[in-house]
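Read the structure below first, then the notes.
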Amino acid sequence: MSHSAIRAKELGDLLRSRRERLRPADVGLPAGTRRRTRGLRREEVAQLAAISSTYYTYLEQGREVRPSRQVLDALSAALRLDAAERSHVHELIHGAPPAETRAAAESLPPSVVSLVDRLDPCPAYVTGRCWDVLASNRAARALWTDWTARPPEARNMLWWMFTDPEARKVMVDWPGEASALLGRFRTAAARHPGDAGFSALLDRLRAASPEVRDWWPQHKVTPLSSGTKRLRHPALGELELNHVVLQLADEPEQKLVTFIATDQDQARISALLR
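Numbering (this note's numbering) for the sequence shown: 142 to 415.
Right under this line is the structure:
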């Protein structure tokens with residue numbers, strides 16, 4: 142399947158999933174009677190977006206018709222897409238050129254690895270384009286997992302989150318964190334439709350995790366963002382950490398994530414590392 146066909150199918154699946162989750166009342170339409178379609182009808186979405194029903198049907202079917210940015214904006218408004226979802230549909234059709242089929246293996250400059258180490262006792266790690274953990278300091282390994290002790294194929298944030306039972310103990314809000322991580326992965330995968338690393342990891346996750354099998358068809362997309370995470374440690378109890386995500390200038394798909402705890406919790410983390 143060509144890159145454009147992959148993107149068209151992804152767009153079609155997303156449009157259908159968003160149409161099915163809306164009710165007529167959500168968009169100001171009467172419910173009517175004898176409604177057998179889950180959510181809105183295709184012709185209703187087409188009417189709201191001011192396009193033909195046939196053209197909208199082609200889009201949902203994944204045909205390679207390449208809608209304009211104006212059409213995508215109209216569909217985004219009709220389907221009540223949020224900002225991240227709007228950006229995602231534009232990137233699917235009018236985004237960056239496809240990546241090579243097999244991207245080169247990732248590595249970090251020694252200076253970045255050294256920076257991560259020097260951030261101790263503030264937890265920090267760097268993830269790559271598929272969320273492989275490329276570097277982590279002692280604090281991060283103490284609070285999440287010891288990435289360096291894991292087999293190379295298991296040094297991945299998604300793999301840990303969805304397949305390691307310890308992740309459900311560590312992440313206080315595991316469902317929310319796992320769902321958001323999968324949404325960020327989907328957003329990144331849309332930029333690399335030909336990258337075998339994404340498809341291989343997704344295949345592994347689908348085989349291993351019922352949540353991934355259930356959630357992936359929902360087409361949730363989540364942008365990178367800073368925020369707050371709540372972790373649970375066997376010795377320290379629950380910790381609330383504010384985090385910042387920084388993209389490396391030389392490799393924007395590589396993300397440096399740093400965490401800051403309260404003064405009291407930071408002192409406890411420091412004592413744990415002694």
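Where is the CB? At the ideal position from N, CA and C, for every residue including glycine.
This structure is a prediction, so every number in the text was calculated from the model and none was measured.
Thinking residue i and residue j are a contact (beta carbons under 8 angstroms), I'd like their distance in whole angstroms, please.
i, j, result
"R373", "V311", "6 angstroms"
"E185", "L170", "6 angstroms"
"E455", "T286", "Since the displayed the chain opens at 142 and closes at 415, residue 455 lies outside it and no answer follows."
"P316", "I147", "At roughly 29 angstroms, the Cβ-Cβ gap does not stay under 8 angstroms, so P316 and I147 are not in contact."
"G450", "V362", "What is shown of the chain runs 142 to 415, which leaves residue 450 out entirely."
Label residue i either buried or exposed according to how many other C-beta atoms from any shown protein chain fall within 10 Å of its C-beta, with 16 as the threshold for buried.
i, result
"P262", "buried"
"P238", "Note that P238 has pLDDT 46, beneath the 50 cutoff, so the model's placement of it is unreliable and the number below is only indicative. P238 should be labelled exposed."
"E241", "Interpretation of E241 is limited by its pLDDT of 43, a score under 50 that renders its predicted location unreliable; the figure taken from the coordinates is listed afterwards. By the neighbour-count rule (16 or more Cβ atoms within 10 Å), E241 is not buried but exposed."
"Q395", "buried"
"S217", "buried"
"L414", "exposed"
"P264", "buried"
"E226", "buried"
"V398", "buried"
"A224", "exposed"
Going by Cα to Cα distance, which pick from the options is closest to residue i?
i, options, result
"C271", "S340, A408, D258", "S340"
"L233", "Q407, W357, S158, R327", "R327"
"E151", "A190, Y199, P171", "Y199"
"G378", "S350, E392, Q395, Q407", "Q407"
"L382", "R371, Q388, A390, R148", "R371"
"F400", "Q388, G153, A376, S367", "S367"
"R332", "A321, P364, E352", "P364"
"R182", "R279, A191, R157", "R157"
"S248", "S143, H235, T268", "T268"
"D154", "H229, L380, A280", "H229"
"A190", "R160, Q202, R325", "R160"
"L461", "A348, V257, R309", "The structure shown does not extend to residue 461, since the chain is modelled only from 142 through 415, so no value can be given for it."
"L284", "V253, P375, A330, Q202", "P375"
"A281", "L343, L380, R221, D214", "L380"
Per DSSP, which one or two residues make a beta bridge with residue i?
i, result
"T399", "A265, V385"
"G273", "A small correction: the amino acid at residue 273 is Asp; Gly does not occupy that position in the sequence shown. BP columns for D273 point to N297."
"R371", "E381"
"M312", "L372"
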